[in-house]
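**Student:**
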Amino acid sequence: MLAGISRCFLRVAPLIQHQPTTLATASQLEQIHRRGFYRRSGRNNEQDEERNSKGSKSDIKFKAGAPLIALSWFVTLKDFLGIEKVQLDKDPIKDKIKQSWLDRKFGKFDSALQTLDEVLEEVKERGEELPITRVLDEIANTHYQKGDLAKAEEYFKVVIDRLMRLHSFRDSSKEFIGISLKLAEIFAAQGNLEHAETGFRHCLRKQMQVLDEHMKKYSISHGAMVEDRHRVEAFGPEYTDPIALFGMALEAYAHFLVTYRDEDRLKEAEEYMDEVMKIAYQIYGGVSQHTITLINNFGAMCIVQNRFELARKYLEIGIDRILHINEAAGLIPGYYCNYAEALWHTGNREKALEYAKQAVQLSKSLDGRTQKYCVDFQKSLQKDFNKGKGWWFW
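For this note's numbering, add 129 to where a residue sits in the sequence shown, where the first one is 1.
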């Protein structure tokens, strides 16, 4: 499949620089590095060595309640994966929809669902099918973000059925592909890996076809010699959205391969992420918070799955660039902790300790929980580092 992707990118991106973006919260970092503490402390050594060589499949399920798709690309695509063509500006239900978004943002999922249930009854009374589908999609996404994957699957399937049966959407439409990506992730979290991989590959294949036609159109209409960066600036989301959705599909598939598949699929995941970085560079440029998020999310996932060499490769891309991104200032301590974890497990322990100490210093302007996390992480690393020096170390 990658051969087709590479051919497509001959037109899509000229790039060669990479970099990373958003960082985990303190609680997410704790989940990631708790595993590192146990591996470094020497407890259960035999089990740890086996996990380090094979990757820990027992850790897979902990991600079930934390969907990854759209974390890196969601802000760019905005409502790109929602059901469009429903104008709410003059509709009295718009305030309720906005309230549900706000509740979702702050983790008040039950409140959001209650609001959306009320909206659903209102639009049903009107008998307008597209608004009904839109609200059902909002409900599905709320369950998805909440981590109630069974409910999310149920509602997403209803939405897909309505899209095709009532609204004549095709399986190559952006709405269909967006939902299919989420369903694939749900299948993976539920252990249905073959269905999940089929879903990811279907999304990639369809969006590659869409992107191929999209790029041909711009080459014919605006000249083949127009540089991609100029098109991004000139045409905005009209030009970048199909490319970004393709990047989202690649990123999601790479996460799947690292999390659920064996060592022999890592090279494939790496190739997909390299293409994702090309897309990010084309759309966002060389220094961007969005790109930092891409790298950090993938690096953190690699750490969780004991793929430390791969984690180090991507985290290293953004380790200096993150310092030049004002919006990413609050992300730096956690990013440094991730990088330190990857360095430790790839044999560079002194450098790992150095970054852990820097994380502590940089966290002093942040919230108390992040500060405590960084201090605890640095202490744990220092303790294990001292053990390695032998009994004569003071």
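C-beta: ideal position from N, C-alpha, C; glycine also.
Between the segment 376–390 and the segment 401–409, do three or more beta carbon pairs fall short of 8 angstroms?
**Tutor:** yes
**Student:** Quick one: which unbroken alpha helix (DSSP H) runs of 4-plus residues sit fully inside the segment 381–454? Chain order, please.
**Tutor:** 395–413, 418–433, 437–447
**Student:** Just to confirm my understanding: we take Leu249, look at its own chain, exclude 5 residues before and 5 after, and list those with CB closer than 8 angstroms. What are they?
**Tutor:** Ile261, Val264, Leu265, Ile268
**Student:** Curious, which full-length beta strand (DSSP E) runs of at least 3 residues does the segment 240–275 contain?
**Tutor:** none
**Student:** Using 10 angstroms around the beta-carbon of Gly476, count the other beta-carbons present and answer buried if the total reaches 16, otherwise exposed.
**Tutor:** exposed
**Student:** For Gln338, is the classification buried or exposed, using 16 other Cβ atoms within 10 angstroms of its Cβ as the cut-off for buried?
**Tutor:** exposed
**Student:** Would a C-beta distance cut-off of 8 angstroms place Val416 and Arg450 closer than the cut-off?
**Tutor:** yes
**Student:** Of the choices Asn270, Glu400, Glu258, whose alpha-carbon is the least far from that of Leu242?
**Tutor:** Asn270
**Student:** Just to confirm before moving on: does the CB-CB distance between Glu538 and Leu439 stay below 8 angstroms?
**Tutor:** Residue coverage of the chain in this structure runs from 130 to 523, which leaves residue 538 outside it and unanswerable.
**Student:** For Pro221, does the three-state DSSP call read helix, strand or coil?
**Tutor:** coil
**Student:** Quick check on Leu452: buried or exposed, where buried means 16 or more other Cβ atoms within 10 Å of its Cβ?
**Tutor:** exposed
**Student:** Rounded to whole angstroms, what is the Cα-Cα separation between Lys508 and Lys493?
**Tutor:** 16 angstroms
**Student:** Hey, quick one: how far does the alpha helix (DSSP H) through Leu460 stretch, first residue to last?
**Tutor:** First-last for Leu460: undefined, no H or E at that position.
**Student:** Using three-state DSSP, classify Gly517 as helix, strand or coil.
**Tutor:** helix
**Student:** Pair every Cβ in the segment 295–309 with every Cβ in the segment 359–368, then say whether three or more of these pairs are closer than 8 angstroms.
**Tutor:** no
**Student:** Excluding the 5 residues preceding and the 5 following Pro462 in the sequence, name in chain order all residues of the same chain whose CB lies nearer than 7 angstroms to its CB.
**Tutor:** Ala488, Leu491, Ser492, Leu495, Thr499, Cys503
**Student:** Does DSSP classify Asp370 as helix, strand or coil?
**Tutor:** helix
**Student:** Are the beta-carbon atoms belonging to Ile448 and Ile412 less than 8 angstroms from one another?
**Tutor:** no
**Student:** Using the C-alpha atoms, what's the distance from Glu254 back to Ala383?
**Tutor:** Cα to Cα, Ala383 sits roughly 43 angstroms from Glu254.
**Student:** Leaving aside the five residues before and after Ser240 along the sequence, list all residues of the same chain whose C-beta is less than 6 angstroms from its C-beta, in chain order.
**Tutor:** Scanning its chain for C-beta atoms nearer than 6 angstroms, with the 5 sequence neighbours on each side dropped, one finds around Ser240 the residues Asp232, in chain order.
**Student:** Does DSSP put Asp290 in a helix, in a strand, or in coil?
**Tutor:** Three-state result, Asp290: helix.
**Student:** Using the Cα positions of Cys466 and Ile421, report the straight-line distance between them to the nearest angstrom.
**Tutor:** 14 angstroms
**Student:** For a test of the three-state rule: what should DSSP assign to Phe298, helix, strand or coil?
**Tutor:** coil
**Student:** Put Lys237 into one of helix, strand or coil per three-state DSSP.
**Tutor:** coil
**Student:** Taking Arg334 as the reference, give the member of Leu322, Asn321, Ser301 with the closest Cα.
**Tutor:** Ser301
**Student:** Return the chain-ordered list of same chain residues with a C-beta closer than 7 angstroms to the C-beta of His343, the five sequence neighbours on each side being excluded.
**Tutor:** Counting only Cβ-Cβ distances below 7 angstroms, and skipping sequence neighbours, we find Pro371.
**Student:** Of the residues Phe235, Gly256, Glu247, Lys303, which one's Cα is nearest the Cα of Asp224?
**Tutor:** Glu247
**Student:** Can you list, in chain order, the residues of its chain whose CB lies under 6 angstroms from that of Ala325, leaving out five sequence neighbours each side?
**Tutor:** Ala313, Phe316, Ala317
**Student:** Shortest alpha-carbon distance to Arg441 belongs to which of Gly414, Gly459, Lys480, Ala458?
**Tutor:** Closest option to Arg441, Cα to Cα, is Lys480.
**Student:** Can you look up Asn467 in the DSSP assignment and give me helix, strand or coil?
**Tutor:** helix
**Student:** Looking at C-alpha atoms only, which residue of Gln319, Lys512, Asp505 is the closest neighbour of Lys280?
**Tutor:** Gln319
**Student:** What does the alpha-carbon distance come out to for the pair Phe285 and Glu483?
**Tutor:** The C-alpha of Glu483 is placed about 46 angstroms away from the C-alpha of Phe285.
**Student:** For the alpha helix (DSSP H) holding Phe309, just list the boundary residues, first then last.
**Tutor:** Note that residue 309 corresponds to Ser in the displayed sequence, not to Phe. First-last of the alpha helix (DSSP H) with Ser309: 303–318.
**Student:** How many whole angstroms separate the CB atoms of Met402 and Phe427, which I take to be in contact at a CB cut-off of 8 angstroms?
**Tutor:** 6 angstroms
**Student:** Alpha carbons only, please: which of Ala457, Phe238, Leu444, His474 is nearest the one belonging to Tyr468?
**Tutor:** Leu444
**Student:** Here's a check: name, in chain order, each residue in its chain whose Cβ is nearer than 8 angstroms to the Cβ of Glu323, leaving out the five neighbours to either side.
**Tutor:** none
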